[in-house]
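Take 5 as the starting number for the sequence shown in this note's numbering and just add one per residue. Each residue gets a CB set at the ideal place from its N, CA and C atoms; glycine is no exception. In what follows, a structure is listed as structure tokens, so that the remarks can point back to it.
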Amino acid sequence: MKVNDGTWDVRCPEKLGKLFPKRTGYYFRVDHSTAKKILHILSIAYEIPAPRLGKIPKGSREHALYEYDTETVLLQSCNHLKTVFHEFYHHLDNMTDGMYDSDDHEGGSASFAWMFADKLWEKFTERTTDA
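Here it is in structure tokens:
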């Protein structure tokens, strides 16, 4: 959510839909290579540098994480598409000096990063189902 006016800036580039011409199921998973493409496409759409992409260390209790100091999205080998969207939102907030509030508010549905992921998911599924 944009800090200055409380609005959502949700961009779903056409290239994102082209990565997934056929999509089924809410829990659509992507591998690391595809996650990197998604992060690149979204970064272009928001006119920011793409984040680095790394893997969650083995044994970690986290499923995904954004490291603000290294500008790195850490993901498992296979991730839900919404998780990639969520972590990208933290990167977007970081790259815009807090212009987007990506506070997770202790997680759950109150998390702005998850709300963004939900909103982008809605736009993404509209694009792919209209084709």
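Per-residue DSSP class, three states only, for residue i
i: glycine 63; result: coil
i: glutamate 51; result: coil
i: valine 14; result: coil
i: threonine 74; result: coil
i: serine 105; result: Residue 105 is actually aspartate in this sequence, not serine. Coil.
With 16 other Cβ atoms within 10 Å as the buried cut-off, status of residue i
i: glycine 10; result: exposed
i: leucine 103; result: Looking at the sequence provided, one finds methionine at residue 103 rather than leucine. So methionine 103 counts as exposed.
i: cysteine 82; result: exposed
i: glutamate 126; result: exposed
i: alanine 114; result: exposed
i: asparagine 98; result: buried
Same chain, Cβ closer than 6 angstroms to residue i, five either side skipped, listed in chain order
i: alanine 54; result: Leu43, His44, Ser47
For residue i, the nearest candidate out of the options (CA to CA)
i: glycine 63; options: Glu71, Glu75, Asp101, Gln80; result: Gln80
i: lysine 41; options: Arg65, Asp73, Phe89; result: Phe89
i: leucine 85; options: Lys22, Val34, Asp101; result: Val34
i: aspartate 13; options: Pro25, Glu130, Asp105, His109; result: Asp105
C-beta atoms of residue i and residue j nearer than 8 angstroms
i: alanine 49; j: tyrosine 93; result: no
i: glutamate 66; j: isoleucine 60; result: yes
i: threonine 38; j: leucine 23; result: yes
i: histidine 95; j: tyrosine 70; result: yes
Beta-carbon contacts of residue i that lie in its chain and below 7 angstroms, excluding the five residues immediately before and after
i: threonine 74; result: Arg56
i: aspartate 107; result: Phe116
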